[in-house]
Amino acid sequence: MQMPASIARIYDAVYTQGQLFDVDRPLASDPLHTPGTRANSIAIAGGAFGDEGKGRIVDELCTQFARTASRMVIYRWNGGANAGHTVIVGGKRVALHQLPSGSLHENATVVLGKGMVVHPGDLLTEIAHLQPLMAQGKRLDLHIDAQAVLSLDTHRAFEAALRDWATGGLGSTGRGIAPAYADVLFRHPVRVGDLLAADWEGRLGAHYDLYSALMRGLDADFSIAEVPSLAEGTGIVGSYTDFLRRISQQAEALRDYIDADTFRLIDSAWADESIPFVFEGAQAIGLDPRWGVYPDVTASDPTFDGIAYSTEGSVQPWRIGARAGAIKATYSSSVGSRRLPTQMDDTLAHRIREDAHEYGATTRRPRDIVHIDLPCLRFFADVSRMQYLVLTHLDIAYADTPIRVCTQYTDASGDIVPYRPNQAYLDAVTPHYIELPSWDGAGLQGARRLEDLPGEALRYIAFITQALGVTPIMGTTGPEREAVIRWM
Ligand code: IMP
Numbered sequence: 064m065q066m067p068a069s070i071a072r073i074y075d076a077v078y079t080q081g082q083l084f085d086v087d088r089p090l091a092s093d094p095l096h097t098p099g100t101r102a103n104s105i106a107i108a109g110g111a112f113g114d115e116g117k118g119r120i121v122d123e124l125c126t127q128f129a130r131t132a133s134r135m136v137i138y139r140w141n142g143g144a145n146a147g148h149t150v151i152v153g154g155k156r157v158a159l160h161q162l163p164s165g166s167l168h169e170n171a172t173v174v175l176g177k178g179m180v181v182h183p184g185d186l187l188t189e190i191a192h193l194q195p196l197m198a199q200g201k202r203l204d205l206h207i208d209a210q211a212v213l214s215l216d217t218h219r220a221f222e223a224a225l226r227d228w229a230t231g232g233l234g235s236t237g238r239g240i241a242p243a244y245a246d247v248l249f250r251h252p253v254r255v256g257d258l259l260a261a262d263w264e265g266r267l268g269a270h271y272d273l274y275s276a277l278m279r280g281l282d283a284d285f286s287i288a289e290v291p292s293l294a295e296g297t298g299i300v301g302s303y304t305d306f307l308r309r310i311s312q313q314a315e316a317l318r319d320y321i322d323a324d325t326f327r328l329i330d331s332a333w334a335d336e337s338i339p340f341v342f343e344g345a346q347a348i349g350l351d352p353r354w355g356v357y358p359d360v361t362a363s364d365p366t367f368d369g370i371a372y373s374t375e376g377s378v379q380p381w382r383i384g385a386r387a388g389a390i391k392a393t394y395s396s397s398v399g400s401r402r403l404p405t406q407m408d409d410t411l412a413h414r415i416r417e418d419a420h421e422y423g424a425t426t427r428r429p430r431d432i433v434h435i436d437l438p439c440l441r442f443f444a445d446v447s448r449m450q451y452l453v454l455t456h457l458d459i460a461y462a463d464t465p466i467r468v469c470t471q472y473t474d475a476s477g478d479i480v481p482y483r484p485n486q487a488y489l490d491a492v493t494p495h496y497i498e499l500p501s502w503d504g505a506g507l508q509g510a511r512r513l514e515d516l517p518g519e520a521l522r523y524i525a526f527i528t529q530a531l532g533v534t535p536i537m538g539t540t541g542p543e544r545e546a547v548i549r550w551m
């Protein structure tokens, strides 16, 4: 069995000496009240390649806070309409893309931060779906940071044209995310605040003209290029006049939600430690353009550092009580063309895919299922300075099938090498595994108490969390809302 000495020590402690590193009991100290940090604050980021089930965790945290707090802030710091999460409210399924998942809580102040890219049309559709579900006709208390960048149909059309071009735009969700972020780097972004500016027509008109020229350069045309639309399925950008007319209607509809002073709101709420703060990340650290593998990376900062940028420094990530990453407990899933080293045999991958419904939420594309990869996940935990872990899908485990965990890579010379965010490099490494005893996941389904976790699950959690250098705070044991295990 090949593994680094540090992992071998953890393996020995857990599987030979029977140490559980306290994962069999609630945390001795509450992460939400850690001296030196801001009380009642938590951030949840994706710890792998997205689709880990973060939205559900955020929703659960908000439900918990709502029991005691008369007000809370739910803050989304990155991404745009490329995210997707479904909540079931009063028997109705509601898909959330730009709004964070706790948005329906009546005491929630929901902030779409500067770090996001906002598509006004799709956001209005989402608001229209959500508003009727708010308790007692309460109005969604939504604040869209005027500094957030607009991600418009122009960006979507351009992204599609790039993708059709021989060498560009691969691997996007088609939601115009990368072009909107690129506008910032090119120093010509249009921002949410521009929608209400006195010269909005000049600003948005200049944007249209620029993107028309870019489209022409790619032999494409706004009048025929199809763009995705949440309300209608697809649409077209249309003429200059059509585009500006649509924008002006959307600006009017969003007017009351656009906030030119979110940093004042955040500053004062952050200073009052009785107000819970839940930061919801979109995508995942493995999709970060710096830490993921091209072309399957997004353009935003999904790490906790993104919070500092998005709040313009009002919130320093290290002041947040708990920075937690979510991963699937026994496997990872991935969409796109990236080839991860820890490929799984088709039979087991198929079994997991069916049991865990691992199909894209919007595209229904089957997700790749791979083994847990410690060099990679540890890298993501380290670069993001993750402290805590959320383990989802604890019920996806089979007593008759040990869980394979990759403990190290070696290169062609047999030397141990780390994870690097580079496909050619990853293609050349050989993963080495250990097999850990599994448990009856179906029997665990719906479990809500730590005492319900079988010994093998506890040992596995002790091993994984020690190897990743993090502490478990929550887990999920099934699709039902209540199927949550807590350490905090
Ligand atoms: P973009 O964010 O639309 O630019 O897409 C870039 C890449 O990020 C694509 O390969 C997507 O597969 C991936 N991606 C973006 N959002 C998500 C997500 O919510 N889950 C999983 N993958 C995502």
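For the sequence shown, this note's numbering assigns the number 551 to the last residue and increments by one with no breaks. Note that CB positions come from ideal geometry on N, CA and C, so glycine has one too.
Between the CA atoms of Gly113 and Ala575 - distance to the nearest angstrom: Here the chain comprises residues numbered 64 to 551, so residue 575 is not present and cannot be evaluated.
Nearest-angstrom beta carbon gap, Pro481 and Phe526 [assumed within contact, 8 Å]: Contact between Phe526 and Pro481 fails: their C-beta atoms lie close to 20 Å from each other, not under 8 Å.
Where Leu205 falls: helix, strand or coil (DSSP): strand
Residue span of the beta strand (DSSP E) that contains Lys155, given as start and end: Lys155 to Leu159
Exposure of Gly280, with buried meaning 16 or more beta-carbon neighbours within 10 Å: exposed
Ser363, DSSP secondary structure in three states: coil
Assigned exposure category for Asn103 - 16 Cβ within 10 Å defines buried: buried
DSSP-derived helix/strand/coil call for Gly200: Correct three-state label for Gly200: helix.
Nonlocal neighbours in the same chain, by C-beta distance under 6 Å from Ala419, ignoring five residues either side: His456 and Ile459
Of the residues Asn141, Ala106 and Ala111, the one placed nearest Leu124, counting alpha carbons only: Ala106
N- and C-terminal bounds of the alpha helix (DSSP H) containing Arg414: Asp409 to Asp418
Backbone secondary structure at Leu499 - three-state DSSP: DSSP places Leu499 in strand when its eight states are reduced to three.
Reference Ile329, options Leu175, Ala475, Pro358 and Ile524, closest by Cα: Leu175
Residues near Arg266 by beta carbon distance below 7 Å, same chain, minus five either side: Correct list, in chain order: Val253, Asp257 and Ala260.
Local Cβ density within 10 Å of Asp463, reported as buried at 16 or more and exposed below that: exposed
Spatial distance of Ala288 from Gln346 (CA atoms): 27 Å
Residues bridged to Cys469 (per DSSP): Asp436 and Tyr496
First through last residue of the alpha helix (DSSP H) which encompasses Tyr422: Element bounds for Tyr422: n/a, residue is neither H nor E.
Bridge partners - Tyr461, DSSP secondary structure assignment: Thr464
Start-to-end residues for the beta strand (DSSP E) that takes in Arg549: Val547 to Arg549
Proximity test, Cβ basis, 9 Å: Asp204 and chain D: Absent from the structure is chain D; it holds one protein chain and no more.
Boundaries (first-last residue) of the beta strand (DSSP E) holding Thr534: Thr534 to Thr539
Run of the beta strand (DSSP E) containing Arg219, from where it starts to where it stops: Unbroken run through Arg219 is the alpha helix (DSSP H), Asp216 to Asp227; no beta strand (DSSP E).
Touch test, the stretch 427 to 446 against the stretch 469 to 487, Cβ-Cβ under 8 Å, three pairs minimum: Touching, per the Cβ criterion.
heavy atom of ligand 1 below 8 Å from Ser292 C-beta: It does not: the Cβ of Ser292 is nowhere closer than 8 Å to a heavy atom of ligand 1.
Whole-angstrom distance between Tyr138 and Pro358, CA atom to CA atom: 28 Å
Leu225 versus Gly142: straight-line alpha-carbon distance, rounded: 20 Å
Distance cut-off 8 Å: Ala362 Cβ against heavy atoms of ligand 1: Taking 8 Å as the cut-off, the C-beta of Ala362 counts as close to a heavy atom of ligand 1.
Environment of Gly109 [buried if 16+ CB atoms lie within 10 Å]: buried
Meets three-Cβ-pair contact criterion under 8 Å: the stretch 205 to 215 and the stretch 234 to 250: yes
DSSP-derived helix/strand/coil call for Asp284: coil
DSSP beta-bridge partners of Asp322: Asp208
Separation of Arg427 from His206, as counted between CA atoms: 32 Å
First and last residue of the uninterrupted beta strand (DSSP E) at Lys177: First-last for Lys177: undefined, no H or E at that position.
Selection from Glu543, Asp515 and Pro542 that minimises the alpha carbon distance to Arg88: Asp515
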